[in-house]
DNA sequence: TTTGTAGTTTATAATGATTCTAAAAAAGTG
DNA sequence: CACTTTTTTAGAATCATTATAAACTACAAA
Ligand SMILES: [Mn+2]
Ligand SMILES: [Mn+2]
Ligand SMILES: [Zn+2]
Ligand SMILES: [Zn+2]
């Protein structure tokens with residue numbers, strides 16, 4: 437298994453559940469944007485066994501803390517996560533409730549001129565809302 | 437009262453509660469970023485009577501629907517609203533959990549090059565996260 | 001004014017995503 | 001194997017938000 441090392445190196449034991457979630461999340465080139473419930477659905481399909489909801493939450497939070505996932509700020513009833521942990525921009529399709537990555541070249545450099553005393557910029561992200 | 441007309445024109449009856457919330461929200465030049473609970477606190481201070489939590493929710497949602505308030509996408513346990521309903525950008529101070537408006541001139545024009553078939557851009561907003 | 005009606009407020013209950021709990025299971029160590 | 005630590009899990013708890021339904025209010029027609 438290719439994720440065993442990754443987990444071990446992060447101080448996470450490579451359990452059956454975590455490896456299975458790794459497969460769902462990371463075994464693709466494409467960025468995966470998801471809610472906890474969407475992830476749960478995908479796990480159910482991709483395997484016969486089911487992982488308890490608490491474990492899905494635990495794992496997603498553990499992966500987020502280790503830097504393998506990030507939360508995307510969207511006003512939705514559910515929290516969105518992203519397998520692309522780089523600083524990047526999004527389309528948000530309001531009807532489909534789906535996120536789509538934007539390349540930095542699709543947006544161009546953003547130069548924040550205003551400064552706040554004693555504060556550093558941690559991230560700069562653009563959210564482009566789409567309607568029909 | 438200066439808000440009676442505004443409410444009537446929107447098809448909202450100018451009730452005591454709504455007028456009081458208008459005073460708190462709009463009786464200032466400054467943009468006001470708030471959560472429902474922060475608004476409730478401010479109402480309590482600014483007047484003797486208290487408005488029920490359900491009415492605060494109802495009113496904020498009514499004002500949002502009429503275009504007097506907008507929701508700001510932030511991953512927080514509470515939803516943030518903004519009296520500045522124009523398309524604009526924000527600092528988000530992660531420690532203080534406070535939003536700060538950015539002028540468009542502080543960010544510069546953003547040109548989204550990517551297009552999605554059949555979708556129109558509704559808004560383009562930048563969120564700049566600040567840390568110490 | 002009085003009366004009728006639709007709109008509004010309110011306390012309270014319900015909902016639903018997320019977090020907590022604590023016991024059982026699994027992993028790591030030697 | 002024996003032992004410790006971590007993880008999983010079902011279910012309970014939490015908490016922001018929404019729904020409910022009864023009382024109240026704005027408003028205008030009679
Ligand atoms: Mn969804
Ligand atoms: Mn706050
Ligand atoms: Zn993304
Ligand atoms: Zn603002």
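Residue numbers (the numbering used here), protein chains in the order written: chain A, 437 to 568; chain B, 437 to 568.
Cβ coordinates follow ideal geometry from the N, Cα and C atoms, glycine included.
For clarity, every value in this text was computed on a predicted model and none was experimentally measured.
The closest CA to that of residue 546 (chain A), considering only B:553, B:552, B:538, is found on B:538. In the DSSP assignment, residue 564 (chain B) is bridged to A:560, B:527.
Listed along chain B, the residues sitting closer than 7 Å to residue 547 (chain A) by beta-carbon distance are 544. Around the CB of residue 528 (chain B), 16 or more other CB atoms lie within 10 Å, so the residue is classed as buried. Assignment of beta strand (DSSP E) within the region 478 to 504 of chain A, counting only whole runs of 3 or more residues, yields no such run. DSSP places residue 475 (chain A) in the helix class (H, G or I) of the three-state scheme. Boundaries of the alpha helix (DSSP H) harbouring residue 542 (chain A): 540 to 543, taken from the DSSP string. If you check the CB distance, residue 472 (chain A) and residue 514 (chain A) come in under 8 Å. The continuous stretches of beta strand (DSSP E) do not include residue 468 (chain B), and DSSP gives it neither H nor E. In this structure, residue 467 (chain A) has its beta carbon less than 7 Å from a heavy atom of ligand 3. Beta-bridge annotation (DSSP): residue 510 (chain A) is not paired with any residue. It is roughly 16 Å from the alpha-carbon of residue 536 (chain B) to the alpha-carbon of residue 509 (chain A). Among the CB atoms of chain B, none fall inside 8 Å of the CB of residue 521 (chain A). Taking 8 Å as the CB threshold, residue 503 (chain A) stays off the interface with chain B. When only Cα atoms are considered, residue 464 (chain B) and residue 548 (chain A) end up about 27 Å apart.
Cβ-Cβ separation between residue 460 (chain A) and residue 478 (chain A): approximately 5 Å, consistent with a contact (criterion under 8 Å). Against chain B, the CB of residue 496 (chain A) has no partner CB under 8 Å away; the residue lies outside that interface. No heavy atom of ligand 4 is found nearer than 7 Å to the CB of residue 524 (chain A).
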